[in-house]
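Trainee: All the letters of the sequence shown, read from the start, carry residue numbers 1 to 198 under UniProt numbering. Glycine residues also receive a C-beta, built at the ideal position from the N, C-alpha and C atoms. I have a structure I would like to understand better, so I am pasting it below and will then ask my questions one at a time.
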Amino acid sequence: MARPREFDRDEALKRATAVFWAKGFEAASTDNLLAAMKIGRQSLYDTFGDKRRLYLEALGRYQAVNLANQLAQLDAEASPLAGIRRMLLAVAEADPSFRALGCMNVGAIVEFGRNDEEIAAMLAESEAALDAALEGSLRKAKAEGEIGTATDIRGAARFIQATLRGLKVSGKAGADTQSLRQTVEFALAALTKDARRG
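This is the structure:
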């Protein structure tokens with residue numbers, strides 16, 4: 001009879017996610033992962049499969065947590081535009097040590113490109129989920145006069161996603177909080193320039 005696992009699977013996955021987020025797939029050695037997860041090699045293979053399967057599960061975990069946080073930020077304000085601002089500022093005003101990690105999704109794109117179909121599909125699904133949420137917020141913002149009636153909702157959602165990715169890349173590169181805040185305010189000004197006044 002097989003011995004039961006003597007570790008918390010969710011906690012082990014959380015620790016593996018942190019390693020992959022910081023190092024990427026290739027640079028994260030099996031020894032790095034085992035040390036962080038505090039499990040043995042056989043437990044890793046028995047529970048998660050090989051390194052790639054572990055990475056895919058870790059990427060999925062990152063995406064789920066990240067999206068949940070973003071949706072909560074979008075819904076945390078009475079004003080749709082204020083929710084978008086809150087989501088962007090959450091990146092700009094994060095602790096520098098957290099910003100230095102960048103974005104695991106962006107890291108996956110840089111490392112794998114779009115050639116890995118399985119990873120590309122995960123990234124596309126994650127992007128589409130945030131796009132849908134942003135489009136919902138932007139439609140409300142348009143109805144409430146926060147953005148112009150001629151605003152292209154789909155294009156605006158993509159613009160916000162591009163701004164979000166840019167903030168994460170800039171934060172990883174060492175941009176300071178003030179410069180990241182300025183980027184957020186400039187992006188919001190571009191969105192609201194044709195809003196109804198008065």
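Here's the rule: buried if 16 or more other CB atoms are within 10 angstroms of the residue's CB, otherwise exposed. What is Val-65?
Mentor: If you number the sequence shown from 1, residue 65 lands on position 65. So Val-65 ends up on the exposed side.
Trainee: Could you tell me whether the region 16 to 25 touches the region 55 to 62, where touching means 3 or more Cβ pairs closer than 8 Å?
Mentor: yes
Trainee: Using a Cβ-Cβ cutoff of less than 8 Å, which residues in the same chain neighbour Ala-162 once the five nearest sequence positions on both sides are dropped?
Mentor: Position 162 of the sequence shown, counting from 1, holds the residue named residue 162. Result list for Ala-162: empty, nothing under 8 Å.
Trainee: Given that a residue counts as buried once 16 or more other Cβ atoms are within 10 Å of its Cβ, and exposed if not, what is Gln-178?
Mentor: Position 178 of the sequence shown, counted from the first residue, corresponds to residue 178. It counts as exposed.
Trainee: According to the neighbour-count rule (16 or more other Cβ atoms, all chains shown, within 10 Å of its Cβ), is Thr-149 buried or exposed?
Mentor: Numbered from 1 along the sequence shown, position 149 holds the residue referred to as residue 149. Looking at its Cβ environment, which holds fewer than 16 other Cβ atoms inside 10 Å, Thr-149 is exposed.
Trainee: So does the region 128 to 135 actually touch the region 108 to 116, counting three or more Cβ pairs closer than 8 Å?
Mentor: no
Trainee: Helix, strand or coil for Met-1? Go by DSSP, reduced to three states.
Mentor: Taking the first residue of the sequence shown as 1, we reach residue 1 at position 1. Residue confidence for Met-1 is low, a pLDDT of 42 falling below 50, so the modelled location carries little weight; the figure read from the coordinates is stated next. In the three-state scheme derived from DSSP, where H, G and I count as helix and E and B as strand, Met-1 is classed as coil.
Trainee: Kindly list the residues whose CB is nearer than 7 Å to the CB of Ala-16, restricted to its own chain and excluding five residues on each side of it in sequence; keep chain order.
Mentor: Residue mapping note: residue 16 aligns to position 16 of the sequence shown, counting from 1. Answer for Ala-16: Leu-33, Ala-36, Met-37, Leu-54, Ala-58, listed in chain order.
Trainee: Can you say whether Val-110 is buried or exposed, counting buried as having 16 or more other CB atoms within 10 angstroms of its CB?
Mentor: Taking the sequence shown and counting its residues from 1, the one referred to as residue 110 is at position 110. Burial call: exposed.
Trainee: Can Leu-81 and Ala-157 be called in contact, C-beta distance under 8 Å?
Mentor: For the purposes of this step, residue 81 is taken as residue 81 along the sequence shown, with counting starting at 1. For the purposes of this step, residue 157 is taken as residue 157 along the sequence shown, with counting starting at 1. The answer is no: Cβ separation not under 8 Å.
Trainee: Does DSSP put Phe-7 in a helix, in a strand, or in coil?
Mentor: Counting from 1 along the sequence shown, the entry for residue 7 is found at position 7. In this structure, Phe-7 counts as coil in the three-state DSSP scheme.
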